[in-house]
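FYI, the numbering for the sequence shown is 10 to 176, going by my numbering.
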Amino acid sequence: MRQRQGQQRPLYTSEERSRRDASPWTLVQGLLAPLQFLVFLVSVALVVRTLATGAGAEAAHVSIVIKTLVLYAIMVTGSIWEKAVFGRYLFAPAFYWEDVFSMLVLALHTAYLAALTFGVLDTHGLLVLALAAYGTYLINAGQFLLKLRAARLESPTAMALVGEGAR
């Protein structure tokens, strides 16, 4: 069925919404996302402190590695969630652009780990690379927050409330 111009496909069909609500991976994502953001906040503070003062480089590097590991965990479990809900591990139409941008986030975080492991960059270069990775993470997190908001707005409960308000 083709969508008319100006009409958007709902984020979830009723079947996808049922699978989403029944999946244990939905809870996993709901727990990992705020954990990742908390780790990000601590890490960005350590990175900025190190760039500003030169102190605490080891703590900053450890925090970036932890942030990257949490990112990998949320990406793997998110792919499993996407498979459970949409039938494909990545690039389901509802989350296509979020997944595309997630690849950049992963690439930059992985580049940091590679540069750290192989000694390709000095501390300053590593921390600047980490901040670039963190910038892409923030944009990607914003994409997902917008999708979460859209999902809530089109939920059956929200639709019923909109219908009640129209009376």
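Using N, Cα and C, we set each Cβ at its ideal position, and we do this for glycine too. Every value quoted in this text rests on a predicted model; they were computed, and no experiment measured them.
By the C-beta criterion, the segment 73-84 is judged to be in contact with the segment 117-134, since at least 3 inter-stretch pairs fall below 8 Å.
Non-local C-beta neighbours of LEU20 in its own chain, meaning closer than 8 Å and more than five positions away in sequence, comprise ALA103, LYS156, ALA159, ALA160, GLU163, ordered along the chain.
By the 16-neighbour rule on beta-carbons within 10 angstroms, SER23 is exposed.
In this structure, the beta-carbon distance from PHE110 to GLN152 falls below 8 Å. In its chain, beyond the 5 residues on either side, ARG58 have a beta carbon closer than 8 Å to the beta carbon of ALA64.
Taking the C-beta atoms as reference points, TRP90 is found nearer than 8 Å to GLN38.
The beta carbons of ALA69 and VAL48 sit no closer together than 8 Å. Excluding residues up to 5 positions away in sequence, SER72 lie with their Cβ nearer than 8 Å to the Cβ of VAL51 in the same chain.
With a beta-carbon spacing of about 6 Å, LEU41 and THR86 fall inside the 8 Å limit used to define contacts.
Annotation: the continuous alpha helix (DSSP H) that includes THR132 extends over 132-162. Its chain contains ASP108 as the residues whose beta carbon lies nearer than 7 Å to that of PHE100, once the 5 sequence neighbours on both sides are disregarded; these appear in chain order.
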